[in-house]
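For reference, the structure is listed below as structure tokens.
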Amino acid sequence: MRVFASDQHRLHHAPELHLGRLELSTECPQRAEQIREALEQYGHQFAAPDALDHDLLGRVHAADYLEFLATAWTRWCDAVSADAPAMGIFWPAGQRDALRPDNIVGQLGYYSLGADCSIVAGTWLAASASAALAQSAADFVVAEQKPAYALCRPPGHHASASQFGGYCYLNNSALAAQRLRDSGYARVAIIDLDYHHGNGTQSIFFARDDVLCVSIHADPRDEFPWFWGHASERGDGAGHGYNLNLPLPTGAGAEQVQAALGSAIGALQRAGCEALVIALGVDTYVDDPLGTFTLTTDDYRHLATPLAALALPTVIVQEGGYAVGPIGDNVAAFLSPFDA
Ligand code: OKP
Ligand code: ZN
2 MRVFASDQHR
12 LHHAPELHLG
22 RLELSTECPQ
32 RAEQIREALE
42 QYGHQFAAPD
52 ALDHDLLGRV
62 HAADYLEFLA
72 TAWTRWCDAV
82 SADAPAMGIF
92 WPAGQRDALR
102 PDNIVGQLGY
112 YSLGADCSIV
122 AGTWLAASAS
132 AALAQSAADF
142 VVAEQKPAYA
152 LCRPPGHHAS
162 ASQFGGYCYL
172 NNSALAAQRL
182 RDSGYARVAI
192 IDLDYHHGNG
202 TQSIFFARDD
212 VLCVSIHADP
222 RDEFPWFWGH
232 ASERGDGAGH
242 GYNLNLPLPT
252 GAGAEQVQAA
262 LGSAIGALQR
272 AGCEALVIAL
282 GVDTYVDDPL
292 GTFTLTTDDY
302 RHLATPLAAL
312 ALPTVIVQEG
322 GYAVGPIGDN
332 VAAFLSPFDA
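What follows is the structure in structure tokens.
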């Protein structure tokens with residue numbers, strides 16, 4: 002399979018708040034390095050991304066948020082400290098239409114959903130390179146009518162039009178879907194297989210009927226992102242019926258995920274989707290430090306089999322997965338049915 006990858010992700014490894022202390026995030030550069038090494042060994046073909054299309058970025062993210070992300074680190078260094086990561090500490094909790102503060106400290110709360118990630122010197126460059134991979138993979142799929150995989154890091158599915166969080170800054174899967182739409186596919190499906198609900202993707206497309214969002218994830222009553230991902234969230238206005246959440250209980254295994262995937266594929270077919278983005282998190286793996294699901298490496302091949310059989314133009318975008326040792330084998334197992 003064609004794999005889009007870049008070294009720029011190495012510029013970003015940001016601290017997160019963990020048990021009351023700042024620690025380097027579980028979302029680490031070794032994740033992408035392991036995946037790259039494994040996919041090289043399995044003989045996948047690597048390609049470099051094209052330059053990021055800022056018009057595409059602007060169709061998924063708010064202009065003021067993009068300006069904030071691009072300048073947050075320098076503003077933080079000038080106003081606060083170059084020795085600490087830039088992160089929020091206050092949020093407009095419960096206030097629906099809060100006015101945006103002018104100060105960087107206030108804006109970090111305004112533009113984020115939690116304190117589980119931060120912005121460091123290389124964050125914007127790494128996030129934009131990650132987005133460029135998703136865009137380039139989508140362009141490849143359109144041009145070649147073959148599937149492609151974007152080795153994105155940092156991940157993207159928790160980032161909404163104007164908020165970062167959950168290790169995500171730019172929504173790579175949403176950008177890939179928007180690119181497919183702009184290339185002429187009338188309706189695109191995003192199937193999100195990450196252990197965590199793709200709240201950012203859901204929010205970006207919630208009022209739209211041209212992108213069907215389906216997410217299979219741990220029930221938000223027990224898991225991050227806590228406030229999104231319930232089955233009752235079905236979309237707004239014209240988008241009603243084009244958002245489908247399939248939450249699973251803590252400890253769910255391959256059979257439960259496989260059954261939910263059957264429902265996801267049914268929804269995709271009923272909606273008449275012409276192209277597919279798979280938000281591939283492998284934090285559903287049995288030994289994942291953040292997850293509780295029990296999937297094995299072989300299960301990823303079985304999960305991908307009915308998706309590959311759809312034979313739709315398909316972009317696979319890397320999201321989470323924190324069991325660094327086996328992460329490459331898990332991704333390779335998922336990709337294998339698409340090469341058959
Ligand atoms: C991102 B993705 C653990 C904090 C957990 C939130 C999890 C983000 C997951 N110290 N932070 O969906 O894999
Ligand atoms: Zn996840």
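Here the sequence shown is numbered in the numbering used here, starting from 2 and rising by one per residue.
Cβ coordinates follow ideal geometry from the N, Cα and C atoms, glycine included.
Taking the Cα positions, His45 is about 10 Å away from Ala149.
DSSP places Asn244 within a strand segment (E or B) once states are collapsed to three. Secondary structure of Asp340 (DSSP, three-state): helix. For Ala39, the three-state secondary structure derived from DSSP is helix. In this structure, Thr202 sits near Asn172, with a CB-CB distance shorter than 8 Å. Between ligand 2 and the CB of Gly273, the shortest heavy atom gap is not smaller than 7 Å. Look at Glu17 here: in three-state DSSP terms it is strand. Cβ neighbours of Tyr286 within its own chain (closer than 6 Å, five residues either side excluded): Leu296, Ala324 and Asn331.
Taking 7 Å as the cut-off, one finds no heavy atom of ligand 1 near enough to the beta carbon of Pro248. Between His159 and Gly282, the gap from beta carbon to beta carbon reaches 8 Å or more. Judged by DSSP in its simplified three-state form, Tyr111 adopts helix. For Tyr286, the distance from the CB to the nearest heavy atom of ligand 1 is not below 7 Å.
Where Glu68 is concerned, the enclosing alpha helix (DSSP H) starts and stops at Ala64 to Ala80. Secondary structure note for Thr202: its alpha helix (DSSP H) is the uninterrupted segment Asn200 to Phe206.
Shortest Cα-Cα distance from Ala48 to any of Gln257, Ala138 and Leu262 involves Ala138.
Leaving aside the five residues that flank Ile105 on each side, the residues in its chain whose CB is nearer than 6 Å to its CB run, in chain order, Arg76, Trp77 and Ala80. For Arg22, the enclosing beta strand (DSSP E) has its first and last residue at Arg22 to Leu25. Looking from the CA of Leu245, the closest CA among Phe206, Ser337, Leu12 and Cys29 belongs to Phe206. DSSP, read as helix, strand or coil, puts Ser161 in coil. Beta-bridge annotation (DSSP): Asp193 is paired with Ser216 and Ala280. Of all C-beta pairs linking the region 271–282 to the region 168–188, three or more are shorter than 8 Å, placing the two stretches in contact. Residue range Thr298 to Ala310 is occupied by the alpha helix (DSSP H) that includes Arg302.
Inter-segment contact for the region 296–314 and the region 206–217 is absent: fewer than three beta-carbon pairs are separated by less than 8 Å. Short note on Tyr168: C-beta closer than 7 Å to some heavy atom of ligand 1. For Thr315, the uninterrupted beta strand (DSSP E) segment begins and ends at Thr315 to Gln319. A residue is called buried when at least 16 other Cβ atoms come within 10 angstroms of its Cβ; Pro250 does not meet this threshold and is exposed.
Bounds of the alpha helix (DSSP H) holding Val258 are Ala255 to Arg271. Ranked by how close their Cα comes to the Cα of Arg222, the residues Ser161, Ser233, His14 and Arg182 have Ser233 in first place. For Gln46, the enclosing beta strand (DSSP E) begins and ends at Gln46 to Ala48. Residue range Asn173 to Asp183 is occupied by the alpha helix (DSSP H) that includes Ala178.
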